[in-house]
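Chemist:
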Amino acid sequence: MALLRQLAGRALATTFAAAALVAGAHAQIMIGQTAGHTGAVASSVNEATQGAKMYFDIVNASGGVNGQKITLVVMDDQFDPKLAAANAKKLIDQGVLALFLTRGTPHTQAIMPLLTEYKIPLVAPSTGAMVLHKPVHPWLFNVRATYQREAERAIEHLSLIGVQRIAILQVDDSFGDDAVQGALAGLAKTNKTAVAHEKYDRTKPDFGPIMPKLLASQPQAVIFIGSGSAVVQGMKAVRATGSTAQLVTLSNNASAGFIKDLGDVGRGVIVSQVFPYERSMAKPVIKEAAEAASHAKVELTPSTVEGYVSAKVLVEGLKKAGKQPTRQSLRAALESLSHIDLGGIEMGYGPNDHTGLDYVDLAIVDQSGKFRR
1 MALLRQLAGR ALATTFAAAA LVAGAHAQIM IGQTAGHTGA VASSVNEATQ GAKMYFDIVN
61 ASGGVNGQKI TLVVMDDQFD PKLAAANAKK LIDQGVLALF LTRGTPHTQA IMPLLTEYKI
121 PLVAPSTGAM VLHKPVHPWL FNVRATYQRE AERAIEHLSL IGVQRIAILQ VDDSFGDDAV
181 QGALAGLAKT NKTAVAHEKY DRTKPDFGPI MPKLLASQPQ AVIFIGSGSA VVQGMKAVRA
241 TGSTAQLVTL SNNASAGFIK DLGDVGRGVI VSQVFPYERS MAKPVIKEAA EAASHAKVEL
301 TPSTVEGYVS AKVLVEGLKK AGKQPTRQSL RAALESLSHI DLGGIEMGYG PNDHTGLDYV
361 DLAIVDQSGK FRR
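The sequence shown lines up with residues 1 to 373 when you count with full-length UniProt numbering.
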């Protein structure tokens, strides 16, 4: 396990997967993850995975779940939906009990048919797409709030501080089309319309031709609905024009790596959050995560917290799934968790409710490159 804690960046996905596969031969509970450990969202994916791993290590060190230790089998899908589906099928064939902490809306959508076909739970997809919430998918269990609520909350905040002219820049895919509905709802609630609304290609973003149209009406704020490096490029492109508009994005970019990539452009950027503040030690779950992060010698970030909390939810299900858990018994166990106290935050599931948390807040990047609320 010490080796795993030393892994970082691109090396994490490949080496971690190999180590997990070897360990999986002896593990009694294998959990599978496919996510973009390299590519546009690598920073937040790796931080979330580290957070989950921290909690699994704590559980394993105390004897595991019902005497069985957990092994996380990780595969890198390079943030490619087709590869995400292929990886998920490989993990299912290897016998994982559940899929866990996938990343991306189109990526998770590509996996969803496999959940039904192979009757396997997916717990805590790291996406807030409404399509994962409504209608309720019998094998998918969300933990985080929806992107629509995040975007709506961001617009409401901008209106409260007197911002009138708001522009929207979204990725042209199912994630962008979903999340933008929240932004449009927020605008409607505050009797506004977007002064500009542009889209960019997910695979080959080119912001040069977009900026003149996006900024022609001199927006006071631009909300970016997209992921990782593309949003970084877009924000830098806005600043390169001389615009001082407030820059806003969603929680899928709430990682230390995202701030680092932004550099000087990061100061003052607003990023929505779907978990409690990582420095709010009054909440037991954050205190736990901070102690685990200190032990693992990693920084506690919003993405790390997401992974840690998501792992707690999965383990609560495993505890009730029986001494010899099956995919079906895990699903039934999760649906029976009508109330889960995760340590200062509460949630629950039921047969007709797989939503999870509804927590949404906002943070701003300060002068030192940290999220502040």
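All C-beta atoms in this analysis are idealised placements derived from N, C-alpha and C, irrespective of residue type, glycine included.
Would you say the stretch 278-286 touches the stretch 32-50, given that touching needs at least three Cβ pairs under 8 angstroms?
Modeler: No, because fewer than three Cβ pairs between the stretch 278-286 and the stretch 32-50 fall closer than 8 angstroms, the two stretches do not touch.
Chemist: Please report the distance separating the alpha-carbon of Pro325 from that of Leu97.
Modeler: In a straight line, the C-alpha of Pro325 is about 8 angstroms away from that of Leu97.
Chemist: Could you please give me the residues that DSSP links to Ile286 through a beta bridge?
Modeler: Bridge partners of Ile286: none, in fact.
Chemist: In the stretch 256-337, which residue ranges form an unbroken beta strand (DSSP E) of at least 3 residues, counting only runs that do not cross its ends?
Modeler: Here the runs fully enclosed are 270-273.
Chemist: Quick check on DSSP: helix, strand or coil for Thr71?
Modeler: Three-state result, Thr71: strand.
Chemist: As a quick exercise: from Lys312, His354 and Ala332, pick the residue whose alpha carbon is nearest that of Ile58.
Modeler: Among Lys312, His354 and Ala332, the Cα nearest to that of Ile58 belongs to Lys312.
Chemist: With DSSP as the reference, label Lys90 as helix, strand or coil.
Modeler: Correct three-state label for Lys90: helix.
Chemist: Specify whether the stretch 163-171 and the stretch 220-230 touch according to this definition: at least 3 beta carbon pairs, one from each stretch, less than 8 angstroms apart.
Modeler: In short, these stretches touch, since the Cβ pair count reaches three.
Chemist: Please list the terminal residues of the continuous beta strand (DSSP E) segment that includes Val365.
Modeler: Per DSSP, Val365 belongs to the beta strand (DSSP E) from Asp361 to Val365.
Chemist: Strictly by DSSP, which residues pair up with His197?
Modeler: The partner list for His197 (beta bridge, DSSP) reads Ile168.
Chemist: Compute the distance between the beta-carbons of Gly317 and Ala333, then report whether it is under 8 angstroms.
Modeler: Yes; because the gap between Cβ atoms is below 8 angstroms, this pair is in contact.
Chemist: Within 8 angstroms (strictly less), CB to CB, does Tyr118 reach chain B?
Modeler: Absent from the structure: chain B. Only one protein chain is present.
Chemist: So what does DSSP say about Leu250, is it helix, strand or coil?
Modeler: Reduced to three states, the DSSP call for Leu250 is coil.
Chemist: Taking just the CA atoms, how far does Gly343 sit from Ala40?
Modeler: Looking at the two C-alpha atoms, the distance is approximately 32 angstroms.
Chemist: To the nearest angstrom, how far is it from the Cα of Val274 to the Cα of Glu288?
Modeler: One C-alpha to the other measures close to 18 angstroms.
Chemist: Between Ser44 and Asn253, what straight-line distance do the alpha-carbon atoms span, to the nearest angstrom?
Modeler: Their Cα atoms are separated by approximately 7 angstroms.
Chemist: Between which two residues does the alpha helix (DSSP H) carrying Gly228 extend?
Modeler: Gly228 -> alpha helix (DSSP H) spans Gly228 to Ala240.
Chemist: In three-state terms, what does DSSP make of Pro125?
Modeler: DSSP places Pro125 in coil when its eight states are reduced to three.
Chemist: Thinking C-beta only, is Lys236 closer than 8 angstroms to Val265?
Modeler: Their beta carbons are under 8 angstroms apart, which means Val265 touches Lys236 by this criterion.
Chemist: With distances taken Cα to Cα, identify the nearest neighbour of Gln28 among Met54, Ala88 and Ile70.
Modeler: Nearest of Met54, Ala88 and Ile70 to Gln28, Cα basis: Ile70.
Chemist: Hey, how far is the Cα of Thr304 from the Cα of Ala48?
Modeler: Spanning the two alpha carbons is a distance of roughly 4 angstroms.
Chemist: Helix, strand or coil for Val163 per DSSP?
Modeler: Residue state, collapsed to three classes: coil.
Chemist: Name the DSSP beta bridge partners of Thr116, please?
Modeler: BP columns for Thr116 are empty, so no partner.
Chemist: Quickly, what does DSSP pair Gln50 with across the bridge? List them, please.
Modeler: Partner(s): none; Gln50 has no beta bridge.
Chemist: So, Leu215 versus Thr193, is the Cβ gap smaller than 8 angstroms?
Modeler: No, they are not a contact pair.
Chemist: With 16 as the cutoff for other CB atoms within 10 Å, does Arg372 come out buried or exposed?
Modeler: So Arg372 ends up on the exposed side.
Chemist: Are Asp178 and Met211 close, meaning C-beta to C-beta below 8 angstroms?
Modeler: No, these two residues do not count as a Cβ contact at 8 angstroms.
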